[in-house]
Structures are given as C-alpha cells and as structure tokens.
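Enquirer:
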Amino acid sequence: MEPRSACRMLLFPVQMLFYIVRATLSSLWPSRRKDLTREVVLVTGGGRGIGRHLATEFARQGARKVILWGRTEKCLKETSEEISLSGTECHYFLCDVANREEVYKQAKVVREKVGDVTILVNNAAVVHGKSLMDSDDDALLKSQHINTLGQFWTTKAFLPRMLELQHGHVVCINSILSQSPIPGAIDYCTSKASSLAFMESLTLGLLDCPGVGCTTVLPFHTNTEMFQGMRVRFPQLFPPLKPELVAQRTVDAVRADKAFVYLPWTMHALVLLKSFMPQVALEEIHKFSGSYTCMNTFKGRT
1 MEPRSACRML LFPVQMLFYI VRATLSSLWP SRRKDLTREV VLVTGGGRGI GRHLATEFAR
61 QGARKVILWG RTEKCLKETS EEISLSGTEC HYFLCDVANR EEVYKQAKVV REKVGDVTIL
121 VNNAAVVHGK SLMDSDDDAL LKSQHINTLG QFWTTKAFLP RMLELQHGHV VCINSILSQS
181 PIPGAIDYCT SKASSLAFME SLTLGLLDCP GVGCTTVLPF HTNTEMFQGM RVRFPQLFPP
241 LKPELVAQRT VDAVRADKAF VYLPWTMHAL VLLKSFMPQV ALEEIHKFSG SYTCMNTFKG
301 RT
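With the numbering used here, the residue at position 268 of the sequence shown is 268, and numbering never jumps.
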C-alpha cells in the first residue's frame, strides 16, 4: 500500500469523528435561517391534509408566492382563497403528478403565469391500506406512480432552472414507514422507500451545486384524512402527529437547510435499533406495538 493511501486510511476515523462532533454542535447551535420573502413555493397535493398546512405555513413565514397543485379543484380553491386572504399571492392548478406529460405542461404554464419556482415541495401521496394479495394491480401501480415517479417528473421540471439561478430547494414529505415498514400498507411503504432513496441520491448529487439544497421529512403517523382509521396500541407513548406541527417543522428545516428531519426525534432511535437488532426481535416489537392489527380499520385514501 502506498504511504499516501495508508495515511488516508489512518486519518479516516479521525475525520469521521470530527464531522460527527461538528454536526452535533451545529444541531445544538442556532443557525442562520433562510429568508423566504423572495421564494416562490409550489406544493403538490396542496389542497388538503399536510399539503394545505404546508402551503399555509410557507405563506405565514413570508413566502412571496404560493402555488398549489392537486387533483381536486374544490380543495385547491378553498386553500388558495384562505392563503390569499392572509395577504400572500396564491395560485392553484389542476395537475396529477403521476402523469408525466401533464406535469411538464403545467410546469410550463406556472413559469409563464407565476414565475420561476424556487422551492418545490413534493407532498402528493396516496395509500390503499391493503395486503399485497388483496390489492388491485392498478391501485398498486397508482401508488408507485404518484408517491415515487411523480417526484421524478416534478423535480426534472423545476430543478434545471434552480441550478441556472443557483438558488432553490427540493423538499420531500416522506414517512418513517420508508425505514420501518408495517403490514397492511405494502404499496405505501414500498413507494416511500423508493422515494427516500431518490432523495438521498439527489441530496448527494447536489452537494457541489451552490445555492440548491434538499430537505426530506420523515414523520410518524400523522393525524390526517389520509390515515383515518389507523390505530396505535399505545397512543400515549406514540401519539399521532398534528399536521400543523409537521408543516411548521418542515418550513423550519428548509429555512435552516437541514437535509433530513425525523418527527418526532425519537424516530432516530427506531432507525438505530433496526440497524443492529435481529429480525426475530423486530418481529416481537411489531407484535408488542400492535402494528400487526393497527391496520384492521384503516381504509386508505386514493
């Protein structure tokens, strides 16, 4: 082995320790927050649920313009009117992110009518809440097209201009189920795992692109219409998150340029345990926490 390579190998553990300590101190020290007054924010699935709260929160924290994409005009219109009444310019467009041609077409319309999108929030998602054998093939495809491939199309539509401007941010509302799947939502867990891999790769790919960043949010079960009927055996220990909290923490993470956010913070422990615990122990934890039965009354939302 060459002396230079040997030195690099010896220094590698020291460098890793240095980066871990620096990152820990940075998380404890208040960081400079990004100003949103120049930002044009587009939220997919922005008519209801977490998307509606995200759009409202970006407006509340000073975004210059907010754009809503979704498939239900009634919800989009209501949210747009609510945000406009608060004093922030807001527009909405009907767009199914699963449809690649529609995404590219509506992205062009947005640029012409509103301007360049500088913060893209990929929030749109569906879940069917059935086992693999009980799932319709078209429903399974729909989950993958909306929850995963939709991000490919929206990011390809808006990221190039961000790179030209050297200014932009791509946000993904993911789920802790991408790293700790449960039975009864196989379509959702699979699509979110793919979505997480997409964001991890994109985040690394943009490290050398000045002014453009990524944020991936991985929340626990959130109390929205989408997961209505899902039960947790010990709600006192694992209470469902409020969508307002998820929205607030997401906007705060964007302003602080945080790459990954787990909600609540205790989800870090879950991911850590899974990395070294044997499969039989994980199965017992699932049985104890009730994840084998918590989907019995869950209907999903398409």
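Backbone N, C-alpha and C define an ideal beta-carbon position, used for all residues, glycine too. Note that the coordinates shown come from a computational prediction; the quantities given were computed from them, not determined experimentally.
Checking 7 angstroms against the spacing of the C-beta atoms, do residue 250 and residue 217 come in under that value?
Expert: Result yes, Cβ atoms of residue 250 and residue 217 sit closer than 7 angstroms.
Enquirer: Note the first and the last residue of the continuous beta strand (DSSP E) segment covering residue 65.
Expert: Start and end: 65-70.
Enquirer: Could you round the C-beta distance between residue 81 and residue 64 to whole angstroms and report it? I think they count as a contact, below 8 angstroms.
Expert: With a Cβ gap of about 18 angstroms, residue 81 and residue 64 do not count as contacting.
Enquirer: On a Cα-Cα basis, can you pick out the residue from 123, 122 and 106 that is closest to residue 115?
Expert: Of 123, 122 and 106, the residue nearest in Cα terms is 106.
Enquirer: Who are residue 93's beta bridge partners in DSSP?
Expert: Note: residue 93 sits in a beta bridge opposite 69.
Enquirer: Would you identify the three-state DSSP class for residue 173, choosing helix, strand or coil?
Expert: Residue 173: strand per DSSP, three-state reduction.
Enquirer: Cα-Cα, which of 41, 142 and 192 is closest to residue 179?
Expert: Cα-wise, what sits closest to residue 179 is 192.
Enquirer: Would the stretch 131-139 count as touching the stretch 116-123 if we require 3 or more Cβ pairs under 8 angstroms?
Expert: Segments in contact, no.
Enquirer: Is residue 260 helix, strand or coil when you go by DSSP?
Expert: Strand.
Enquirer: So residue 42 packs on residue 67, CB below 8 angstroms; how close in whole Å?
Expert: Contact holds; Cβ gap of about 4 angstroms.
Enquirer: Please classify residue 7: does DSSP put it in a helix, a strand, or coil?
Expert: In this structure, residue 7 counts as helix in the three-state DSSP scheme.
Enquirer: Which residue wins for smallest C-alpha separation from residue 177, given the options 263, 60 and 89?
Expert: Checked all of 263, 60 and 89; the closest Cα to residue 177 is 263.
Enquirer: Going by CA-CA distance only, name the one from 211, 210, 215 and 158 that's closest to residue 200.
Expert: Ranking the options by Cα distance to residue 200, first place goes to 215.
Enquirer: Residue 36 and residue 70: beta carbons closer than 7 angstroms?
Expert: Contact flag unset, no.
Enquirer: Indicate the three-state DSSP secondary structure (helix, strand or coil) for residue 214 in the structure shown.
Expert: Residue 214: strand per DSSP, three-state reduction.
Enquirer: Are the CB atoms of residue 212 and residue 157 within a distance shorter than 7 angstroms?
Expert: Against a cut-off of 7 angstroms, the Cβ pair of residue 212 and residue 157 comes out as no contact.
Enquirer: Please identify the residue among 112, 206, 259 and 93 whose C-alpha is closest to the C-alpha of residue 173.
Expert: Cα-wise, what sits closest to residue 173 is 259.
Enquirer: Does the separation of the CB atoms of residue 204 and residue 219 fall below 7 angstroms?
Expert: No, the Cβ-Cβ distance between residue 204 and residue 219 is not below 7 angstroms.
Enquirer: Can you tell me which of 55, 266 and 181 puts its alpha carbon nearest to the alpha carbon of residue 77?
Expert: The candidate whose alpha carbon is nearest that of residue 77 is 55.
Enquirer: Suppose contacts are defined by Cβ-Cβ distances below 7 angstroms. Is residue 182 in contact with residue 132 by that definition?
Expert: The answer is no: Cβ separation not under 7 angstroms.
Enquirer: For residue 34, name the three-state secondary structure that DSSP assigns.
Expert: Residue state, collapsed to three classes: coil.
Enquirer: Hey, residue 45 and residue 123: beta-carbon distance below 7 angstroms or not?
Expert: Cβ distance < 7 angstroms, so residue 45 and residue 123 count as in contact.
Enquirer: Where does residue 103 fall in DSSP's three states?
Expert: If DSSP states are grouped into helix, strand and coil, residue 103 belongs with the helices.
Enquirer: Output the residue ranges of the beta strand (DSSP E) runs that lie fully inside the stretch 108-160 and measure 3 residues or longer, sorted by chain position.
Expert: 119-122, all fully within the stretch 108-160.
Enquirer: Between residue 197 and residue 150, how many whole angstroms is the CB-CB distance? I'm expecting something under 8 angstroms.
Expert: Not really, about 15 angstroms apart at Cβ, beyond 8 angstroms.
Enquirer: By alpha-carbon positions, which one of 162, 154 and 143 ends up nearest to residue 127?
Expert: For the residues 162, 154 and 143, the minimum Cα distance to residue 127 belongs to 143.
Enquirer: In the DSSP assignment, what are the bridge partners of residue 42?
Expert: DSSP lists 67 and 120 as partners of residue 42.
Enquirer: Provide the residue(s) that pair with residue 222 in DSSP beta bridges, ordered along the chain.
Expert: Partner(s): 241.
Enquirer: Using DSSP's beta-bridge definition, name the partner residues of residue 168.
Expert: Answer is 212, bridged to residue 168.
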